[in-house]
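This report refers to the structure that appears directly beneath it.
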Amino acid sequence: MKIAKIIATSFFPRVVREETILTGDPPVYTLHSQNFRTVDDIKKLILFNIEQEKNCDPGLPVDIVFVNNDTGSEEGNNFIKKLNGQNLKNGKIITIQNTNKGWSYGAFSRGFKELNEIYDYFIFTEDDVIISRKNYAKISLDIFNRDTNCGFVSYWGLTNHLDKSTGNQNLIHAHGASGFSSSKVLKKIYKKYGKLPHSELSDKKYYDKIISEGEIQFTNVILKMGYTLKESPLKLFDPAYDLMRGIDKPWKPKKFESLIWSIIKKLRKISYELLIFFKLYKAYKFIKIKILNR
């Protein structure tokens, strides 16, 4: 039995977020903190991933696979290439160079395409969310095998998404598309769609479409094919920027926190609708991005 952990990475500057905050439906603390703006920041982040893997006990042997989406950094691309073949305590490092189509979800698909005949199980995550808690691989496999119809074990939880284009159909999916699945299940998805679902776009202006066709569709199609999606009962992930600073944010909020967040979310929706109605949304975006730099 062989397990590969596919880690999507790129040397594109990330939006700065100092605190991990609530997101999703139901809300969980998975809109993770991040502060990786330069090539050096991201190189340190990748080395931090490797350090955490070397210092943890996955419970089973795991190879880690960095799929690097090329965003034009020759320095970054060369850095990734040099990591290939390095040994870990419980496995080795593999690196794959990729285009940036579909962002992380395109990287997941490319990694699986290259390695699906070698590995029996796959873990999917991004470089700024570390999966390194004790026995993470064994726990994942145990959850997966507990249900003979399991298609995917979500690390960040399951979330709802009402798709207005299909009459508010609820596209239940694994938040962040982060989790564990088998090559057997994923091969069926790949055969049907010609890839693990992801967008062919890469420009940030298509953010919603990239997320819809990647994060949401990837595991929702597993559900639609008759498999079950399971949520890990234990927190197996840590935002890298939190872990670097010794912060252990809870995964799920208390009921009061969840209620307050839901109220704020509704107020923001009302504010957005008012800005659209009074044709002030473009002015608001200009002020937010160009003046407030947010």
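Heads up: take any position in the sequence shown, counting from 1, add 5, and you land on this note's numbering. Quick reminder that beta carbons are idealized off the backbone N, C-alpha and C, glycines included.
Exercise for review: Tell whether a beta-carbon distance below 8 angstroms holds between residue 132 and residue 54.
Suggested key: yes
Check your understanding: What is the residue span of the alpha helix (DSSP H) that residue 156 lies within?
Key -> Looking at the DSSP string, residue 156 is not in any alpha helix (DSSP H); the run it does join, the beta strand (DSSP E), is 155-159.
Exercise for review: Report buried or exposed for residue 112, applying the criterion of at least 16 other Cβ atoms within 10 angstroms of its Cβ.
Suggested key: Buried, since its Cβ has 16 or more Cβ neighbours within 10 Å.
Check your understanding: With a cut-off of 8 angstroms, do at least 3 Cβ pairs link the segment 26-33 to the segment 122-131?
Key -> no
Exercise for review: Could you spell out where the beta strand (DSSP E) holding residue 263 opens and where it closes?
Suggested key: Segment 260-282 is the alpha helix (DSSP H) holding residue 263; no beta strand (DSSP E) there.
Review point. With distances taken from CA atoms, which of 89, 178, 36 is nearest residue 97?
Key: For the residues 89, 178, 36, the minimum Cα distance to residue 97 belongs to 89.
**Study point:** Whole-angstrom C-beta distance between residue 84 and residue 48, which should lie under 8 angstroms
**Key:** 6 angstroms
Practice item. Identify every run of the beta strand (DSSP E) within the segment 36-92, keeping only runs that are complete inside it and at least 3 residues long; order them along the chain. Key: Taking only runs of at least 3 residues, the beta strand (DSSP E) segments lying wholly in the segment 36-92 are 68-74.
**Study point:** First through last residue of the alpha helix (DSSP H) which encompasses residue 190
**Key:** Membership of residue 190 in the alpha helix (DSSP H) is indicated by the continuous run 188-198.
**Study point:** Identified DSSP bridge partners for residue 141
**Key:** BP columns for residue 141 are empty, so no partner.
Review point. Excluding the five sequence neighbours on either side, which residues of its own chain have a C-beta within less than 6 angstroms of the C-beta of residue 266, listed in chain order?
Key: Once the five neighbours on either side are set aside, the close Cβ partners of residue 266 are 27, 32.
Exercise for review: Quick one: grab the DSSP three-state call for residue 123.
Suggested key: Coil at residue 123, not helix or strand.
Check your understanding: So what does DSSP say about residue 24, is it helix, strand or coil?
Key -> coil
Exercise for review: Might you give, ordered along the chain, the residues of its own chain that have their beta carbon closer than 6 angstroms to the beta carbon of residue 240, omitting 5 neighbours on each side?
Suggested key: Taken in chain order, the residues that qualify are 256.
Practice item. Indicate the three-state DSSP secondary structure (helix, strand or coil) for residue 257 in the structure shown. Key: coil
Point to revise | C-beta contact flag for residue 184 and residue 159 at 8 angstroms | key: yes
**Study point:** Simplified DSSP assignment, three categories, for residue 205
**Key:** Coil.
Point to revise | Where residue 150 sits in the DSSP three-state scheme | key: In the structure shown, residue 150 falls within a helical segment according to DSSP collapsed to helix, strand and coil.
Review point. Looking at C-alpha atoms only, which residue of 272, 107, 63 is the closest neighbour of residue 218?
Key: 107
Check your understanding: When burial is assigned at 16 or more other CB atoms within 10 Å of the CB, is residue 277 buried or exposed?
Key -> exposed
Exercise for review: Select from 20, 171, 224 the residue whose C-alpha is nearest the C-alpha of residue 191.
Suggested key: 224
Practice item. Look up residue 232 in the DSSP assignment and say whether it is helix, strand or coil. Key: Note: residue 232 maps to coil in three-state DSSP.
Point to revise | Cβ shell of residue 21 (< 8 angstroms), same chain only, five flanking positions each side left out | key: 39, 40, 42
Review point. So, do the segment 175-189 and the segment 135-150 have three or more beta carbon pairs nearer to each other than 8 angstroms?
Key: yes
Review point. Mapping DSSP to helix, strand and coil, what is residue 237?
Key: coil
Practice item. Determine the DSSP secondary structure at residue 210, reduced to helix, strand or coil. Key: helix
Practice item. Mind reading off the beta-carbon distance from residue 166 to residue 221? Whole number of angstroms is fine, and I expect it under 8 angstroms. Key: Their Cβ separation, rounded to whole angstroms, is 6 angstroms, which keeps residue 166 and residue 221 in contact under 8 angstroms.
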